[in-house]
């Protein structure tokens with residue numbers, strides 16, 4: 003049995019589907035909140051329910067009593083924790099949503115995993131943990147002590163909390179720093195979704211930092227492949243780890259963190275131009291200054307991931323956007 007939290011979400015749905023396709027028993031967990039359209043979440047769940055080995059519990063991961071009961075009843079072997087309050091900009095106006103879900107909720111998951119002695123906990127971190135760092139590509143060996151949003155701070159906190167449990171209880175944990183995920187069944191609050199909707203409607207789209215943002219856009223299938231490969235390889239402690247010269251990427255405890263990014267960053271304007279080509283329409287752009295909490299550039303060093311599990315994301319922007327546009331037009335019945 004594998005638990006997937008956030009199973010009605012973008013990444014959680016796709017990870018759950020891949021696990022089910024290969025024959026795993028999956029218990030999906032999600033609170034179906036209204037951060038974005040719950041109908042989209044329900045549509046994802048409807049597809050998962052077509053698999054006989056899928057079951058679902060609607061529960062908030064911060065509900066200690068119910069989550070403890072579910073862990074005790076189901077005794078999962080592995081857990082993929084993807085439930086979180088997402089969004090950098092939303093954290094500026096709703097900070098307590100992030101401590102409730104990303105801190106308290108994560109602690110509930112850690113305690114559940116400890117109680118049933120899970121074989122491996124894989125959890126979502128974020129490229130946002132690199133914060134004010136400017137040396138690129140971002141490496142897991144870099145210090146990440148300068149987050150620039152509360153969302154990023156909660157994700158760094160998750161990594162610290164996971165390490166504590168790996169140290170205290172020998173629990174194998176792996177954090178995955180996702181870089182700007184996009185693709186079919188994506189989140190409506192993310193750029194590609196907003197841009198597509200706006201262009202098709204003939205409306206102006208807001209483009210921050212005058213389009214000069216650089217992002218390591220990573221296609222959802224590449225993210226899923228990385229998650230599954232990592233899940234199947236629980237970490238062990240590194241006997242060469244040196245407390246006098248500590249490496250943030252490793253530990254004497256069974257703990258690892260990995261970047262999962264396309265490692266081919268593109269400027270936001272080029273991303274929009276690729277979308278224009280796929281839609282066959284020009285965008286009306288409202289060029290805006292950079293927003294608080296945003297970083298100008300992200301680029302992933304994925305050499306650690308490749309070394310550990312033999313995988314490097316490789317889907318091109320053109321192919322990924324084309325697949326998203328095809329899904330979007332089908333789902334929203336755009337002619």
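Residue numbers (the working numbering): 3 to 337. Virtual Cβ for every residue (Gly too), placed ideally from N, Cα, C. Everything numeric in this text was worked out from a predicted model, so none of it was measured.
Extent of the continuous alpha helix (DSSP H) run through residue 23: Taking the first residue of the chain shown as 1, we reach residue 23 at position 21. Per DSSP, residue 23 belongs to the alpha helix (DSSP H) from 12 to 23.
Proximity of residue 80 and residue 5 at Cβ, strictly below 9 Å: Here residue 80 refers to the residue found at position 78 when the chain shown is read from its first residue. Here residue 5 refers to the residue found at position 3 when the chain shown is read from its first residue. Yes; because the gap between Cβ atoms is below 9 Å, this pair is in contact.
Bounding residues of the beta strand (DSSP E) (the contiguous stretch that carries residue 171): As a first step, residue 171 must be located in the chain shown, where it is residue number 169. Careful: residue 171 lies outside any beta strand (DSSP E), inside the alpha helix (DSSP H) at 152 to 171.
Residue 125 (DSSP reduced to helix, strand or coil): Translated into the one-based positions of the chain shown, residue 125 becomes position 123. Correct three-state label for residue 125: strand.
Beta-carbon spacing of residue 91, residue 288 below 9 Å: On the chain shown, residue 91 is found 89 positions in, with the first residue counted as 1. On the chain shown, residue 288 is found 286 positions in, with the first residue counted as 1. Cβ distance not < 9 Å, so residue 91 and residue 288 don't count as in contact.
Beta-carbon proximity check, residue 268 vs residue 222, cutoff 9 Å: Residue numbering aside, residue 268 sits at position 266 when the chain shown is read from its first letter. Residue numbering aside, residue 222 sits at position 220 when the chain shown is read from its first letter. Against a cut-off of 9 Å, the Cβ pair of residue 222 and residue 268 comes out as no contact.
Reference residue 324, options 195, 303, 299, 213, closest by Cα: Taking the chain shown and counting its residues from 1, the one referred to as residue 324 is at position 322. Comparing Cα-Cα distances from residue 324 to each of 195, 303, 299, 213, the minimum goes to 195.
Proximity of residue 201 and residue 277 at Cβ, strictly below 9 Å: Residue mapping note: residue 201 aligns to position 199 of the chain shown, counting from 1. Residue mapping note: residue 277 aligns to position 275 of the chain shown, counting from 1. Cβ distance < 9 Å, so residue 201 and residue 277 count as in contact.
Whole-number beta carbon distance between residue 163 and residue 108, since they are thought to touch under 8 Å: Walking along the chain shown from the start, residue 108 turns up at place 106. Walking along the chain shown from the start, residue 163 turns up at place 161. Sure, about 6 Å apart at Cβ, within 8 Å.
Spatial distance of residue 18 from residue 149 (CA atoms): Within the chain shown, numbered from 1, the residue matching residue 18 stands at position 16. Within the chain shown, numbered from 1, the residue matching residue 149 stands at position 147. Roughly 30 Å separates the two Cα atoms.
Nearest-angstrom Cβ-Cβ length linking residue 285 and residue 216, presumed shorter than 8 Å: Taking the first residue of the chain shown as 1, we reach residue 285 at position 283. Taking the first residue of the chain shown as 1, we reach residue 216 at position 214. Not confirmed; about 18 Å, so no contact.
Reference residue 74, options 198, 304, 116, closest by Cα: The sequence position of residue 74 within the chain shown is 72, counting from 1. Closest option to residue 74, Cα to Cα, is 116.
Whole-angstrom C-beta distance between residue 69 and residue 114, which should lie under 8 Å: Along the chain shown, one-based indexing puts residue 114 at 112. Along the chain shown, one-based indexing puts residue 69 at 67. The pair is a contact, with the Cβ atoms about 6 Å apart (cut-off 8 Å).
Of the listed residues 188, 151, 101, nearest to residue 134 (C-alpha basis): Here residue 134 refers to the residue found at position 132 of the chain shown. The candidate whose alpha carbon is nearest that of residue 134 is 151.
Cα-Cα separation between residue 248 and residue 165, rounded to whole angstroms: To locate residue 248, count along the chain shown from 1; it is residue 246. To locate residue 165, count along the chain shown from 1; it is residue 163. Those two C-alpha atoms are separated by around 13 Å.
Distance CB(residue 123)-CB(residue 169) smaller than 9 Å: Within the chain shown, the letter at position 121 stands for residue 123. Within the chain shown, the letter at position 167 stands for residue 169. Contact: no.
DSSP bridge partner residues for residue 81 (one or two, in chain order): In the chain shown, counting from the first residue as 1, residue 81 sits at position 79. Looking at the DSSP assignment, residue 81 forms a beta bridge with 5, 123.
Three or more C-beta pairs below 8 Å linking the stretch 292 to 309 and the stretch 86 to 101: yes
Three-state secondary structure assigned by DSSP to residue 286: Against the chain shown, residue 286 aligns to sequence position 284. If DSSP states are grouped into helix, strand and coil, residue 286 belongs with the strands.
At least three beta-carbon pairs within less than 8 Å, the stretch 296 to 312 to the stretch 136 to 146: yes
As assigned by DSSP and simplified to three states, the class of residue 31: Your numbering for residue 31 matches position 29 in the chain shown. The answer is strand: DSSP assigns residue 31 an E or B state.
Residue 204 - partner residues in DSSP beta bridges: Position 202 of the chain shown holds residue 204. DSSP lists no partner for residue 204.
Within 9 Å, strictly: CB atoms of residue 218 and residue 264: The sequence position of residue 218 within the chain shown is 216, counting from 1. The sequence position of residue 264 within the chain shown is 262, counting from 1. Yes, they are a contact pair.
Nearest to residue 252 (by Cα), restricted to the options 86, 261, 246, 239: Here residue 252 is taken as the residue at index 250 of the chain shown, counted from 1. Nearest C-alpha to residue 252: 239.
Cutoff 7 Å; reference residue 158; Cβ partners in own chain excluding five residues on either side: For the purposes of this step, residue 158 is taken as the residue at position 156 of the chain shown. Result list for residue 158: 131, 146, 149, in chain order.
Residue 334 - containing beta strand (DSSP E), residue span: Start at 1 with the first residue of the chain shown, and residue 334 comes out as number 332. Here residue 334 belongs to no beta strand (DSSP E), and DSSP marks it neither H nor E.
Extent of the continuous alpha helix (DSSP H) run through residue 229: What you label residue 229 is simply residue 227 of the chain shown in a count that begins at 1. From DSSP, the alpha helix (DSSP H) with residue 229 extends over 222 to 233.
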